[in-house]
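Chains as they are written, first to last, in UniProt numbering: chain A, 1 to 130; chain B, 1 to 362. Have a look at the structure below, then the notes.
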Amino acid sequence: MIIRIEPESEVPIYLQIANQIIEGIARGHIHPGQSLPSVRTFAADLGINMHTVNKSYHHLEQKGIIQIMPKSGAIIASPQDFNETSITRLKDAFKPLIAESLVVGMSHQQIQELVTSMIEVFKNSKEETQ
Amino acid sequence: MTLTIFLFMSLIIAGIQTAIPFLVNRSVIFGVTIPEKHLQNETLIAFKKNYCKLVGLLSIILLAAYTLWVLFQTATEEQIVIVGILLEFVIILFSFALYFYYHGKTLKLKTDNQWTGNLKQIRVADLSARSRDEMLPWQVFLLPMIITIGVIGYTLLQYDLLPQQIPTHWGPSGQPDAFTEKTLLSAILMPLTLFVMQLMFLGIHLGTKKSGIKLSGESTEASRQRQLALRKYSSWLMFFVSFLITVLLSFFQLQIIHPDIISATAMFAIPLGFLFLILVGTIVFAVRVGRSDKFAIETIEEKLTDSDDSHWKGGLFYFNKNDPSIFVEKRFGVGWTINLANPIGYLIIFVPLIAILLFSFL
């Protein structure tokens, strides 16, 4: 799976990496149980600070997306590892975004269409890779 | 004979220096990253061709003059050697001066035409690249070290057999012409130096293995092929050199213990064969790596660039204190250069060199 970061972007690098890894799992480029590269090699490949990659991994660990094992490194969690708390947290994260969409003037239908089309994109690319 | 050796070496150096613009990473021209769609720019191609012509022409003139001078003047062996070495330096210095000249011109061309003006800078990594990394396992570098330990052990066992004067230098006839007093240290000096060199090779191998696989955002596939080829072939070359040096120096050591084991002719021929094999290995390496990214078919994405120029001082020296990589691929030339902001690189290169120097002056 290819990771692309923009050093000049307003989005912090650690967030860019974390978001792309989550998207990569949704698209089926990487699978639960697979391990991510070590912090050192990942940082060396991108030519960025190891702390940045570390921060990104901790961010993913907090979300429960990966598990950091002492010897085998960062492993991608499987769907059954998630529980109620993950869903509650996501609800909280959706809330301001949906509120903003309404404020901006999107209709109920538009928001639903947007969500459906995004899910379709992820599903399709998952089927393609399989 | 000396003329043949120097001509041969100078030819190789001149050949590689001349061909460099066509052996380097395709998207970096004279140390400046050029966006994919401008790679075929006529001025840039003219820069490359002019560089090759100038270096090639100068090399031919110098080599011809050198040959004529040796053949028609009565030059001593020493003069041939000194002028031969000078000749190699002149070719290298000239090509570097020319490099800096074209580096400046390319940089100016890039800014004048605003090739990166509205492009987004990106950095790329491939999570699966490491599973395709074909570098040799580091353990193979222990094999020559075991041989060296064996040679040191054997020398100590046969200590009484060693002559009172240990040869340290062999003349062109294959006969030793410089000696040192026999002590425990001087008896094993050569294999000990060899051991330190092997440690350095191992260190460089581990350093390159731990360094990043840097991909280009525009030509991901071509850059991945090049990086993987560079890693694979440089680990092979490193092992090949380590192995050859081990054979050569172990042979010399055994020759000191048992002087009759080989003839003087062989003592003369073996180092020549060694030199020849190393040069052939280097050429194969340069060509293999140099051609690895020239055939990839690309899907070019617009509005992207991976311009990393800010970390490359003068297009030659890499200085990035965030990057944990110890070595990075050279921008001008085939091979690796050190990340000058990472102290581990200095350790791997300089500690063994200082150790070897200390041994020889003790």
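Note that beta-carbon positions come from the ideal geometry of N, C-alpha and C, so glycine has one too. Values in this document were obtained by computation on a predicted structure and should not be read as measured data.
Candidates the options, of which the one nearest residue i by Cα
| i | options | result |
| --- | --- | --- |
| residue 315/B | 64/B, 8/B, 104/B and 92/B | 104/B |
| residue 156/B | 130/B, 139/B and 183/B | 183/B |
| residue 159/B | 247/B, 256/B, 202/B and 312/B | 256/B |
| residue 65/A | 72/A, 48/A and 83/A | 83/A |
| residue 8/B | 313/B, 279/B and 348/B | 279/B |
| residue 48/B | 65/B, 233/B, 60/B and 17/B | 17/B |
| residue 124/B | 72/A, 10/A and 44/A | 44/A |
| residue 72/B | 139/B, 102/B, 211/B and 3/B | 3/B |
| residue 6/B | 44/B, 87/B and 43/B | 87/B |
| residue 12/A | 24/A, 29/A and 53/A | 53/A |
| residue 322/B | 1/A, 7/A and 3/A | 7/A |
| residue 354/B | 106/B, 61/B, 98/B and 196/B | 196/B |
| residue 71/A | 128/A, 14/A, 38/A and 30/A | 38/A |
| residue 84/B | 175/B, 10/B, 68/B and 52/B | 10/B |
| residue 60/A | 86/A, 80/A, 41/A and 40/A | 86/A |
| residue 202/B | 342/B, 347/B, 224/B and 40/B | 347/B |
| residue 241/B | 309/B, 276/B and 77/B | 276/B |
| residue 370/B | 252/B, 224/B and 274/B | Residue 370/B lies beyond the range of chain B shown here (1 to 362); nothing can be said about it. |
| residue 228/B | 263/B, 336/B, 147/B and 186/B | 336/B |
| residue 58/B | 89/B, 75/B and 268/B | 89/B |
| residue 129/B | 119/B, 161/B, 60/B and 211/B | 211/B |
| residue 44/B | 108/B, 93/B and 65/B | 108/B |
| residue 25/B | 267/B, 224/B, 311/B and 339/B | 224/B |
Helix, strand or coil at residue i according to DSSP, with G and I counted as helix
| i | result |
| --- | --- |
| residue 124/B | strand |
| residue 138/B | helix |
| residue 115/B | coil |
| residue 205/B | helix |
| residue 169/B | strand |
| residue 183/B | coil |
| residue 30/B | coil |
| residue 1/A | coil |
| residue 215/B | strand |
| residue 75/B | coil |
| residue 177/B | strand |
| residue 35/A | strand |
| residue 164/B | coil |
| residue 61/B | helix |
| residue 67/A | strand |
| residue 341/B | coil |
| residue 294/B | coil |
| residue 77/A | coil |
| residue 332/B | coil |
| residue 327/B | strand |
| residue 321/B | coil |
Buried/exposed call for residue i, threshold 16 Cβ in 10 Å
| i | result |
| --- | --- |
| residue 111/B | exposed |
| residue 51/A | exposed |
| residue 214/B | buried |
| residue 96/A | exposed |
| residue 89/A | exposed |
| residue 144/B | buried |
| residue 171/B | exposed |
| residue 113/B | exposed |
| residue 97/B | exposed |
| residue 109/A | exposed |
| residue 260/B | exposed |
| residue 76/B | exposed |
| residue 308/B | buried |
| residue 124/A | exposed |
Close Cβ partners of residue i (< 7 Å) along its chain, the five nearest in sequence each way excluded
| i | result |
| --- | --- |
| residue 179/B | 165, 166, 167 and 168 |
| residue 205/B | 138, 141, 235 and 238 |
| residue 30/A | 1, 24 and 76 |
| residue 48/A | 13 |
| residue 313/B | 319 |
| residue 186/B | 166 and 180 |
| residue 286/B | 16, 23 and 334 |
| residue 20/B | 332 and 333 |
Expected contact under 8 Å - CB spacing of residue i and residue j to nearest Å
| i | j | result |
| --- | --- | --- |
| residue 194/B | residue 249/B | 5 Å |
| residue 222/B | residue 177/B | The Cβ separation is near 52 Å, so there is no contact. |
| residue 80/B | residue 13/B | Not really, about 17 Å apart at Cβ, beyond 8 Å. |
| residue 219/B | residue 95/B | Contact doesn't hold; Cβ gap of about 26 Å is too wide. |
| residue 116/B | residue 35/B | 7 Å |
| residue 334/B | residue 284/B | Not confirmed; about 11 Å, so no contact. |
| residue 46/A | residue 98/A | With a Cβ gap of about 33 Å, residue 46/A and residue 98/A do not count as contacting. |
| residue 191/B | residue 121/B | Between residue 121/B and residue 191/B the Cβ distance is about 51 Å, and since that is not below 8 Å, they are no contact. |
Same chain, Cβ closer than 6 Å to residue i, neighbours up to 5 away in sequence not counted
| i | result |
| --- | --- |
| residue 226/B | 292 and 293 |
| residue 36/A | 74 |
| residue 101/A | 111 |
| residue 342/B | 326 |
8 Å Cβ shell around residue i - same chain, five flanking residues per side excluded
| i | result |
| --- | --- |
| residue 231/B | 133, 134, 135, 208, 209 and 213 |
| residue 126/A | 26, 27 and 28 |
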